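Undergrad:
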Amino acid sequence: MKNEIVLFENKEQCCGCGACVSVCPKKAISMQEDSCGFKYPRIDDALCVGCGACKKVCFYQNEAECNHPMKGYVAVNTNKKQVNGSASGGVFAAVAEKVLKAGGKVYGAAYSFDKQVTVNTIGIDRLEDLPKLQGSKYVQSNTENVFEDVKKAVLEGKKILFSGTPCQVAALNKFLGRKYENLLTVDIVCHGVPNQRFFNDYLDTLKNDSDDISEFNFRDKNRGWEDYFIAYSVGSEYKDIHCRVSSYYEEFLKGYINRENCYSCKFASLERPADLTIGDYWGIAKQHPELFKEDKWFERKYTGISCLLVNTEKGERSIEECTEQLELVPSTVDKIAAGNGQLRGPTHRSEKREYIFELYKSKGYVAVENDFQKSLTLSYRIKDSLKCMIPLKLKMKIKRVKHR
Ligand SMILES: Cc1cc2nc3c(=O)[nH]c(=O)nc-3n(C[C@H](O)[C@H](O)[C@H](O)COP(=O)(O)OP(=O)(O)OC[C@H]3O[C@@H](n4cnc5c(N)ncnc54)[C@H](O)[C@@H]3O)c2cc1C
Ligand code: SF4
Ligand code: SF4
Ligand code: SF4
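In the UniProt record's numbering, the protein residues as written are 1 to 404.
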């Protein structure tokens, strides 16, 4: 009699990485959406032979190998164009450029624009494609077929960089089953992911009747780094929205719309599955006040500053190769964690999550949007509009005077 396989007992035990789908020799597993749009693996009993490979490959229910950071840095890419296209200080682009110039391949999350805007993890081997992987996409990226592709590329002997959320990196590590010297991994500090369907339903509220969205950026920097703005194009119109008046963005930043397992994420800590960890250096002014005596660092508070954790010796070697393009200031792991809650514990699960998803399931995203708009007070809207009206250069001048 064949073993009966239960992939997970509750939703806290599955991050949706899809490694089980990739490993199944009988193609018996497929990812299916639940009623809120989050994807979970489902086994077709008629195809399953009970071999157990899917259970074995699941890092979430087995041990995931992690490292405690050896070093921490304040980090900024000296290529200003790359910084502008990145969420924080552009560390990812500097490391990725080095790999691509050495003839390697880089994997990361990219938008694809068709009728819908979707986020997929893809592999690139041309430097001109690097901007596709830059910038934060605050929605779960689809890793279908990616782990097999990475394995193939690694076995060809090419230099490979795989980047993604810590759970995606841990899933790849487990899928590969051993370490490869030519594979470098980068994980991001991560506070959780919403899902693709919910994101697309939000985007529908931004579209007009005849045009689709052709550009989208969650971290547009025209108004600075620390204030989050979405920028997007619909037809010939280019618009931006402050995070506090965007239903999806505000609910994402508050942690109301994450995948269930993100609220107990084991990677919301200083134990990291990748060789390098990158994030925003929140609290930089408090942790490194000495930097802001220099104009260049003052300006960087508006263009973006990253924190970088070096977790392995391989990670350290890869950073040494990038020192021409990366400006690094030694920091400490404790200073970096002090300003970044996600390195100290997972996002709190608020009762608002239930409320929002109940509304979504019963009445659709329009009801979520209307409910959010109703919650915005007039004074809030006025304050927000005023904030949006001040040009960045003026904002910088005022802050510089105050600073001195
Ligand atoms: C869902 C999510 C939550 C985050 N939460 C935090 C946080 O709480 N605190 C914090 O300091 N930083 C957080 N970040 C990371 C931060 O936004 C920047 O990505 C990070 O500072 C790196 O910036 P960069 O300028 O070096 O590179 P960027 O060019 O901005 O980053 C590109 C990298 O991000 C990866 N990436 C982008 N979107 C996704 C995605 N959807 N799934 C997987 N990988 C993705 C790309 O593969 C690439 O490796 C989060 C990012 C994401 C995607
Ligand atoms: S391998 Fe990934 S998708 Fe499959 S059950 Fe485990 S966590 Fe979920
Ligand atoms: S037990 Fe084997 S055949 Fe069945 S779903 Fe898992 S990997 Fe596929
Ligand atoms: S919070 Fe944890 S489980 Fe959720 S996407 Fe990020 S790394 Fe994965």
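We put the CB at the ideal spot given by N, CA and C, even for glycine. It should be emphasised that the depicted structure is a prediction, and the values quoted were computed from it without experimental measurement.
Return the CA-CA distance between K296 and G72, expressed in angstroms with no decimal places.
TA: Taking the first residue of the sequence shown as 1, we reach residue 296 at position 296. Taking the first residue of the sequence shown as 1, we reach residue 72 at position 72. Cα-Cα distance, rounded: 21 angstroms.
Undergrad: To which residues of the same chain is L270 closer than 7 angstroms at the C-beta, ignoring the five residues directly before and after it?
TA: Mapped onto the sequence shown, residue 270 falls at position 270. Cβ within range, chain order: H68, P69, V333, A337, L343.
Undergrad: Bridge partners of V234, per DSSP?
TA: Counting from 1 along the sequence shown, the entry for residue 234 is found at position 234. Its beta-bridge partners are I213, E237.
Undergrad: Look up V310 in the DSSP assignment and say whether it is helix, strand or coil.
TA: Numbered from its first residue, the sequence shown carries residue 310 at position 310. Here V310 sits in strand by DSSP.
Undergrad: In terms of alpha-carbon separation, which member of P346, C262, G283 lies closest to N10?
TA: Locating residue 10 in the sequence shown gives position 10, where the first residue counts as 1. Minimum Cα distance to N10 is reached at C262.
Undergrad: Does the stretch 171-179 come close enough to the stretch 202-216 that 3 or more CB-CB pairs lie under 8 angstroms?
TA: As far as the Cβ criterion goes, the stretch 202-216 does not touch the stretch 171-179, which means the pair count is below three.
Undergrad: Closer than 7 angstroms by C-beta to K352: which residues in its own chain qualify, once you throw out the five before and the five after it? Chain order, please.
TA: Taking the first residue of the sequence shown as 1, we reach residue 352 at position 352. The residues are Y256.
Undergrad: Rounded C-beta distance between T121 and Y107? I'm assuming under 8 angstroms.
TA: Taking the sequence shown and counting its residues from 1, one reaches residue 121 at position 121. Taking the sequence shown and counting its residues from 1, one reaches residue 107 at position 107. Confirmed, about 6 angstroms.
Undergrad: Can you check the stretch 45-114 for any beta strand (DSSP E) of at least 3 residues that lies completely inside it and give the ranges in chain order?
TA: Listed in chain order, the complete beta strand (DSSP E) runs (minimum 3 residues) inside the stretch 45-114 are 71-77, 105-113.
Undergrad: Around ligand 4, which residues pass a check of Cβ closer than 5 angstroms to any of its heavy atoms?
TA: Ordered along the chain, the selected set is C15, T165, P166, C167, C190, G192, V193, C262, C265, F267.
Undergrad: State the DSSP-derived secondary structure class of Q32, mapped to helix, strand or coil.
TA: Here residue 32 refers to the residue found at position 32 of the sequence shown. The answer is strand: DSSP assigns Q32 an E or B state.
Undergrad: Where do the ends of the alpha helix (DSSP H) carrying S22 lie?
TA: Taking the first residue of the sequence shown as 1, we reach residue 22 at position 22. First-last of the alpha helix (DSSP H) with S22: 19-23.
Undergrad: Rounded to a whole number of angstroms, what is the C-alpha to C-alpha distance between N222 and N62?
TA: Taking the first residue of the sequence shown as 1, we reach residue 222 at position 222. Taking the first residue of the sequence shown as 1, we reach residue 62 at position 62. Answer to the nearest angstrom: the Cα atoms are 44 angstroms apart.
Undergrad: Please report the distance separating the alpha-carbon of A102 from that of C36.
TA: As a position in the sequence shown, residue 102 is number 102, starting the count at 1. As a position in the sequence shown, residue 36 is number 36, starting the count at 1. If I take the Cα positions, the gap works out to 43 angstroms.
Undergrad: For K26, I'd like the list of residues in its chain whose CB is within less than 7 angstroms of its CB, leaving aside the five on either flank, ordered along the chain.
TA: Along the sequence shown, read from residue 1 onward, the residue named residue 26 stands at position 26. The residues are L47, C48, V49.
Undergrad: With a threshold of 8 angstroms, are at least 3 pairs of Cβ atoms found where one atom belongs to the stretch 351-367 and the other to the stretch 183-196?
TA: As far as the Cβ criterion goes, the stretch 351-367 does not touch the stretch 183-196, which means the pair count is below three.
Undergrad: How is the alpha helix (DSSP H) around G339 delimited, first residue to last?
TA: Residue numbering aside, residue 339 sits at position 339 when the sequence shown is read from its first letter. Start and end: 333-339.
Undergrad: Mind checking whether S306 and G89 have CB atoms under 8 angstroms apart?
TA: Locating residue 306 in the sequence shown gives position 306, counting from the first residue. Locating residue 89 in the sequence shown gives position 89, counting from the first residue. In contact: S306 and G89 (Cβ atoms closer than 8 angstroms).
Undergrad: Buried or exposed: where does V169 fall if 16 or more other Cβ atoms within 10 Å of its Cβ makes it buried?
TA: By 1-based counting over the sequence shown, the position of residue 169 is 169. It is buried - the Cβ of V169 has at least 16 other Cβ atoms within 10 Å.
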